[in-house]
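Going by our numbering, the letters in the sequence shown line up with residues 41 to 203, in that order. Since the structure comes first, as structure tokens, the remarks are kept for the end.
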Amino acid sequence: MNQLPFEKVTIVMGSQSDWPTMEMATKPLTDLGVPFATAVVSAHRTPQRMVEFATTAHERGTQVIIAGAGGSAHLPGMIAAMTPLPVIGVPVASKFMTGMDSLLSIVQMPKGVAVATQAVGASGAFNAGLMAAQMLSLTDPELQKRLIQWREQQSAGVPFEVE
Ligand code: RP5
Numbered sequence: 041m042n043q044l045p046f047e048k049v050t051i052v053m054g055s056q057s058d059w060p061t062m063e064m065a066t067k068p069l070t071d072l073g074v075p076f077a078t079a080v081v082s083a084h085r086t087p088q089r090m091v092e093f094a095t096t097a098h099e100r101g102t103q104v105i106i107a108g109a110g111g112s113a114h115l116p117g118m119i120a121a122m123t124p125l126p127v128i129g130v131p132v133a134s135k136f137m138t139g140m141d142s143l144l145s146i147v148q149m150p151k152g153v154a155v156a157t158q159a160v161g162a163s164g165a166f167n168a169g170l171m172a173a174q175m176l177s178l179t180d181p182e183l184q185k186r187l188i189q190w191r192e193q194q195s196a197g198v199p200f201e202v203e
């Protein structure tokens, strides 16, 4: 793929190896009918691609960026430094430090550059998609209705009885 994709929500990740985690972000977006695009953009291995992506995303129709990375996870913060768009960061669990390195790399931003950091791993990726939909719902009443229904269904799916 030579062309960077852009959608209302654009999900980027540092490596193809992040996809099993980051795929979870697509689930609530699909359920709620929010268009998204995905791409591998690495802060370390493809720095020029990252700069191109981050500096042009707001001009290409993206409204929220979800960025996932593991280990020395600079991607969400570097993108946040180059875009006016909200950036949701997902710490992907790493091989040797189980994601604590990813979490601290993403969450501990200096004042003045914000990343909305989620939990480590699949739950964090899922919630990143949900958070992106909630952000977009501020200006989309139909999406907000779907979100409320989605929440109601989630609550209805939790039984009282312990089996
Ligand atoms: C990070 O390095 C990626 O986000 C990934 O989580 C980690 C390992 O990448 P691979 O060596 O598996 O490509 O940049």
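Glycine included, C-beta positions come from ideal geometry on N, C-alpha and C. From a predicted model like this one, the values you see are computed outputs, not experimental measurements.
Point to revise | Spatial distance of Met41 from Glu63 (CA atoms) | key: Summary for Met41: the model assigns pLDDT 49, below 50, so the residue's position carries little reliability, and this model does not support an answer.
Check your understanding: Is the stretch 146-162 in contact with the stretch 86-96, if contact means three or more CB pairs nearer than 8 Å?
Key -> no
Practice item. Hey, could you find the ends of the alpha helix (DSSP H) Val198 is sitting in? Key: That residue, Val198, is in no alpha helix (DSSP H); it is neither H nor E in DSSP.
Practice item. Provide the residue span of the alpha helix (DSSP H) that contains Gly161, from first to last. Key: Premise fails: Gly161 is in no alpha helix (DSSP H) and is neither H nor E.
Check your understanding: Is Asp141 near ligand 1, judged by its Cβ being under 7 Å from some heavy atom?
Key -> no
Practice item. Name the residue from Gly108, Thr78, Ser55, Gln43 whose alpha carbon lies nearest to the alpha carbon of Arg85. Key: Ser55
Practice item. Spell out a yes or no on whether the stretch 171-183 and the stretch 131-147 are touching, meaning 3 or more CB-CB pairs, one atom from each, closer than 8 Å. Key: no
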